[in-house]
Each structure stands twice: as structure tokens, then as C-alpha cells.
Amino acid sequence: MRNYKIAWRNLWRNKRRTLITVASVFFAIFFALVMRSLQLGTYDHMFRNAIESYTGYIQIQHEDFWDTKVVDNTFIYSPELDQKIMSLKNSVGTVPRFESFALASTGTLTKGVLVMGIDPEREALLSDVRSRLVRYRLDKVSVESLRNSVLPEKIKKDLDLFSGNAYSSNSALAVDFNIEDRDSSLILPVFRQFASFSNGYLKQGEPAAVIGEKLASFLKAGIGDTIVLLGQGYHGTTAAGKYRINGIVKIPAPDLDNKIVYLPYDICQELYNAPGMLTSLAISVKDNDDNSIEKTIEELEKQLEPPLKVMGWREMNKLMLNQMDADSKSGMIMIFILYLVIAFGIFGTVLMMTAERRREFGVLVAIGMQKRKLSVVVTMEMILIGLMGIVSGVIAALPIIFYGYSHPIRFHGEMAKMYEDYGMEAVMPFLLPDMYVLWQSLVVAIIVFVSLIYPLRKIGKMQVVNSLKA
Amino acid sequence: MKVLELKNVNKIYNGSEVHVHAVNSVSLEFKEAEFAAIVGPSGSGKTTLLNLIGGLDMPTSGEIIIDGTDLSELKSSQLIDFRMRNIGFVFQAYNLIPVLTARENVEFIMSLQKWSKKDRDERTFELLKAVGLADRANSRPSKLSGGQQQRVAVARALASRPKFVLADEPTANLDSKSATTLLEIMEKLNHEEKITFIFSTHDPRVVKMAHRVITLEDGSVVSDEIRE
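Protein chains in written order, with my numbering: chain A, 16 to 485; chain B, 31 to 258.
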């Protein structure tokens, strides 16, 4: 008689008890995975937004620039510097930037903005500004036209909800309006007809700008309008210039969307009277895992001399990392409480099972079953309970995680405003299954194993005569 | 041939206030194929003596020697192994493994001893047939009557051809007809398999069929009658 067969049959002696225990493990793993996926997915999304639309994974800067972001803390951008960087295995390309602040105005409206001088083509390696150009804009006129169009009623109902929004891709539009793939060929042409937005882009040497969608709304500026920038240039000179708005971009980080002005970097150098200078040189990398990034930073540090300094994404996003770390810890506490409740549930079952079967354990040892073999059977029973709970919990959580990944939770109205006030996009995507699934399963498995200590100890110390009297 | 020998065995339970001398200087010998009953009033030490003989409990002093092996010299795991190979148990409350069928219960000890599948099947069938339950081989204990469960327990006790079988009040929970059937089966197997049976009992039917009757009082043997 195989041990697992006895263990399996033992489980079903008291079906209700086994099912309740399996259910407790199931709900623990299910909620832990869904909660963790949502939490990690949100962090991942925020990181990506911050890294891919702004900092990149690695940057070279003047050593004082990070603390004092003024144009005096710039460095000379030379072909030799590019060569050194491109000699590294993990380098794909360099992305030059000239970044400073200015006052921007159109007509009577003025706002402090972040001016980002970029290479219009090479920027595609990092934040890909071109792909963020607005394709659809739901202003009052377009919303009214769409309302009178042939769109299905359920989409028309949502028009008020999303009025004022801009979209840089079909997929973003499809997510907000819940447009299924099979319907997109009918619905998207209607949006294209009534809400499409024509954009231009930047070209090196051309004095033109691309601005954030929220900034454009604030300044009431559109394509073809002129934006005037006024700031302080290199060594205290006055930086002033006027530029045609060629395009409007939708940046997923709302804070940035509200203040970004892109210029070609040579035009930006001209504006700030700092020809040949850069504030940062971002590096596009092949592998963006922590180890590869650390290694690349180390290699770069060996090759560069002051005043150049290498900055990693962690150093550049310290505040966000700390906030996420604190939030992650509070999430862990919630999960810990969940596990604690489950652990007591499992332990209660084990306790009852051990007490109920004391006599049976005594009989088995009396007729010749070694205690270690009996321990194996009991261990198998608990492993089977744990496995059933963990596997079913993971299976139930996966479809929700996949759905939540492809259909992130989007907040609207006041909630969305609150998120955006904190500089976050009002969206909570799930993270696809990753190591966290393994970790959560492992934690539950450890709980099951820890609860096993009690029956195994009881079996080990069992006096057969006393057990037979039970 | 001598299969079991008790030499001046004592068992004293030390309570907080009183010491109970449950078995008092018992010396006995059992030969192959004996059919012996240990009788005596409640509290006379029958079950304690059986537990000591079966290695389920250790004597305070004295020696219990089975087939030349002194039980007190065995480690815990060796003792379990020794019990499995040499001693069969029949309990008052049957104590079959509830999740196993009658066949699997009988087979259980043989599989612990790693008998081949063929040998196990043959022996199981032979024993279940002997106890009249070949047709209920695939029934779980919960589907069998008390008498049938005890017959399976007897088959289980004999499965690995032990030196002797210890039966603690085997008929106590059975009706008259089931008890008689069980006793007849045990006597028949005692004959056929040449295995020693030692019972503790209050049941006059068991006493009547026993070939040897040992009477205990206050833990001491007061008579040891061998019948022809």
C-alpha cells in the first residue's frame, strides 16, 4: 500500500474538514496573488512611466547637475564620449538631452515649464516622444460630433466621462471605451473621422516645439501657435526664444504632461547660449535588469573622469522608490495578517486531526508501522491539502491577473484627479505572473510545513500504550 | 518449542501519591501453537501483561524473551520492527485502518515487510477465505459488522506468520453468535498455522475453548492450568 494512497484516502475521511482547509489555503493564495499583482503592477507602471518618459536607466551628467539643476552645470558633448559609451556591451545608443526651466507663454497665459532639448530621432531609443503624439482629442466639438454619429449607445454614454481626454494610441482609446478587438474596425474609423488630431514633430535645426497635452490645455495652445520661452541661460545670460508648436504629446506621467516642452537639442543649446553642451546623456541599454545596469554603471565609472558622473535609475528616482517601499511594506503587512489568519485555520485543522487520530496512530505503530513512515503519511496529507489549495488558488487568480493586465483599472472623476494631483497616472494595471507567484506559494507552503511540526512531534513522542487508550 | 518467556516481570506505575504494582513477579513460558487465555477480575493486570508481552510497554524489572531476543535490549525503532515480524495483535475495538478495505488491511503488514505482490495476494486470499470473508475483501471496515471486522483483524494479525498473536478481550464487543464464530476461526487457525494465541478475557466461552488458562489476581499469577 503506497503511502500517498493512504494519505489521499485519509484526506477524504472527513471531506468537509479537508475542503474547508483547502478553501482557506485557496483564498489566502488567491487574495495574496491578486493584491500583490495589483500592487507590483502599479509600481511597475509608475517606474516605467518615470524611467521611459524621463530619466532612462542610466545617465551621464555633470557631477553637480542632479543637486543643482542649472545650465551652468552642463558638460561638453563630444564624439569621444559617445565612442566610450558605445564600446560597452550593454549600450544600444546614446540619447543627448539639454534640460532646463523657463517661463512659457502664449498670449496672456504663462506657466513655468521644463524645457527638454532632445535629438528627435535618437530619443526614440528611450522615451519615444513621437509615439506619444496625440492621435485623438475629445474636445467639445469632437464629442458633440461623436454623439451624433453611428457609434453604439454604450460608447456614446461614456463620451461625457472621457470628454477632454487625449489619446496617443488606439489601444489607450480602446481601453477607456472598452472597445473589443472585433468591434475596433467599425468604431475606430468613427473616432478617426470626428476626433482625430493632426500632429507634426521635431527636426534638428528647426526652431519648433512639441508640448505636453495638459500644458497645451492650460496655455490654450494648439498646433501652429507660437510659444515664447524665457529663462536664464549659460553663465547668467538671458535665454529667450519663440517657437512654433508642431505637436502635442500625451505623457503618461501627469505631472510631466503638465509642464513639458520638447525642443531639438541644438535649438535648446542656442536658447540657453550653451553650444555643444548637454545637461545629460541618457544611455539606451540592451538588458535593463538590475545586475546588468549595475555592471554597466561600474564599467562607465571606470572610463569617465570628473566632472562627469554616472547616475543609475535608482539614484534618479530615489523619492519614488522610497514611497513605493513604504507602500509595499504596508501591503506586506496586509498579506501577513491574511496569512496569519490562514495559518491559525490550518493549525486548527491539524490539531483536530491529530487529536482525532491518536488511537489510530497508536494502532499503526503497534502493528509495526515505523513512526517515521507514519510521519511521512501525515506529511503527505498536509502537502496534498497545501498543493490543492495553492494550485487551485493560482489557477483562479491567473485569469484575473491576465485580465487586469490587459484591462487595467482606470479611475475617473475625483479619484483620477486625486491620483494626478500626486503626479501619478490614474491607472492601476496588474503585473503579469512573475517571481511573486512563486514567493506567495512558497509562503503558504511554509505555513503548511510549520503547522506540521505539531503532529510530527506528537508522533515522535507517542507512547503506544497511552495512544491505544485514547 | 518455546516462543515466549517471562522472567520475574514486574510493572509498577508510580503515581503522585500511590505506587500501583500492576504486574507482580510474573514468570511464564509459552510454547508454539498454544491457545492460552489470561483471566482475572478487572484491574488484575491482564491488559498490562499483554502490553508488556507485545512490547507496547516496558517492564519496570524482569525480562521478556521472544524467540531468544530480550525486548528490553531493543531500541524503539527496532522494537517496532520486531513487533511487525513476530507479534500479531487483535484489539477489543477491532482497530482496522478505516480508509483501507478488508483486503488492504490484511495486506498492510505484508507490504510493510515488502512481500512481493504475488505472495501478498495469495496470503490475503488464503486468510480472508479462512475467516469467511473472501466475498467482502473489497469492503471498507465501515461496511462490515463488528464480528466481520474482528475476523479481518484476526486475519491481519496472522498475515505475516508471527510467532504469536495477542488478543485483548477479542469477543468483548461481539454478540454471542459472532463471538463463537470468531473463536472457532481462531482455534482452526491455531491448529493450521501452528501460531500461539494468547488472550486476555472475561468471556467464559473463550476460557472454555482455551487449552491453557492463566489466572491473575493483583498482578500475580495465582494459577496456571493446562488442559488436555
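A virtual CB, placed ideally from N, CA and C, is assigned to each residue, including glycine.
C-beta neighbour in chain B for residue i, strict 7 Å
i	result
residue 382(A)	yes
residue 455(A)	no
residue 472(A)	no
residue 25(A)	yes
residue 28(A)	yes
Proximal residues of chain B, C-beta to C-beta of residue i below 8 Å
i	result
residue 21(A)	127, 129, 130
Buried versus exposed call for residue i [16 or more other C-beta atoms within 10 Å across all chains shown]
i	result
residue 166(A)	buried
residue 17(B)	Here chain B has residues from 31 to 258 only, and residue 17(B) is not among them.
residue 214(A)	buried
residue 395(A)	buried
residue 156(A)	exposed
residue 209(A)	buried
residue 234(B)	exposed
residue 506(A)	For chain A, the structure presents residues 16 to 485; residue 506(A) sits outside this window and is missing.
residue 1(A)	The requested residue 1(A) is not part of the displayed model; chain A covers only 16 to 485.
residue 153(B)	buried
residue 16(B)	The question about residue 16(B) has no answer, for chain B in this structure spans 31 to 258.
residue 34(B)	buried
residue 88(B)	exposed
residue 344(A)	exposed
residue 63(A)	exposed
residue 49(B)	exposed
Closer than 7 Å to chain A by CB, residue i
i	result
residue 229(B)	no
residue 188(B)	no
residue 107(B)	yes
residue 38(B)	no
residue 42(B)	no
residue 110(B)	yes
residue 142(B)	yes
residue 139(B)	yes
residue 116(B)	no
Bridge partners - residue i, DSSP secondary structure assignment
i	result
residue 90(A)	293(A)
residue 111(A)	296(A)
residue 112(B)	Paired residues: none, contrary to the question.
residue 47(B)	Its beta-bridge partners do not exist; DSSP assigns none.
residue 390(A)	Answer is none; residue 390(A) lacks a bridge partner.
residue 119(B)	196(B)
residue 95(A)	Paired residue(s): none; residue 95(A) is not in a bridge.
residue 238(B)	Residue 238(B) is not bridged to any residue.
residue 229(B)	67(B), 197(B)
residue 125(A)	120(A)
residue 443(A)	424(A)
residue 35(B)	59(B), 95(B)
residue 211(A)	151(A)
Cross-chain neighbours of residue i in chain A, by beta carbon under 8 Å
i	result
residue 113(B)	381, 382, 383
Within chain A, partners of residue i - CB distance below 7 Å
i	result
residue 87(B)	480
residue 81(B)	480
Proximal residues of chain A, C-beta to C-beta of residue i below 9 Å
i	result
residue 121(B)	378, 381, 483
Can you confirm whether the region 107 to 124 of chain A touches the region 231 to 251 of chain A when touching is taken to mean that 3 or more C-beta pairs between the two stretches lie within less than 8 Å? They touch, by the three-pair rule.
Check whether the region 58 to 78 of chain B touches the region 415 to 427 of chain A, taking contact to mean three or more Cβ pairs, one atom from each stretch, closer than 8 Å. Not touching, per the Cβ criterion.
Do the region 333 to 341 of chain A and the region 29 to 39 of chain A make contact, defined as three or more Cβ pairs closer than 8 Å? Verdict: no, contact absent.
Between the region 395 to 415 of chain A and the region 444 to 463 of chain A, are three or more C-beta pairs nearer than 8 Å? Touching, per the Cβ criterion.
Looking at C-beta atoms only, is the number of pairs between the region 61 to 77 of chain A and the region 88 to 96 of chain A that lie closer than 8 Å three or more? The answer is yes - the region 88 to 96 of chain A touches the region 61 to 77 of chain A, with three or more Cβ pairs under 8 Å.
Counting Cβ pairs, one atom from each stretch, are 3 or more of them under 8 Å apart for the region 145 to 156 of chain A and the region 181 to 193 of chain A? With a cut-off of 8 Å, the region 181 to 193 of chain A and the region 145 to 156 of chain A count as touching, because enough Cβ pairs lie within range.
Would you call the region 39 to 51 of chain A and the region 143 to 153 of chain B touching, i.e. three or more CB-CB distances under 8 Å? Not touching, per the Cβ criterion.
Using a Cβ distance threshold of 8 Å, determine whether the region 363 to 378 of chain A contacts the region 464 to 479 of chain A, with at least three qualifying pairs required. Touching, yes.
Looking at C-beta atoms only, is the number of pairs between the region 316 to 334 of chain A and the region 129 to 144 of chain A that lie closer than 8 Å three or more? Touching, no, given that fewer than three Cβ pairs across the two stretches are closer than 8 Å.
So, does the region 102 to 110 of chain A touch the region 239 to 255 of chain A, judging by three or more C-beta pairs under 8 Å? No: fewer than three Cβ pairs fall under 8 Å.
Do the region 458 to 465 of chain A and the region 401 to 410 of chain A meet, that is, are 3 or more Cβ pairs less than 8 Å apart? Judged by Cβ distances under 8 Å, the region 458 to 465 of chain A makes contact with the region 401 to 410 of chain A, as three or more pairs qualify.
Determine contact between the region 249 to 257 of chain B and the region 178 to 198 of chain B, defined as no fewer than three beta-carbon pairs at a distance below 8 Å. These segments do not touch.
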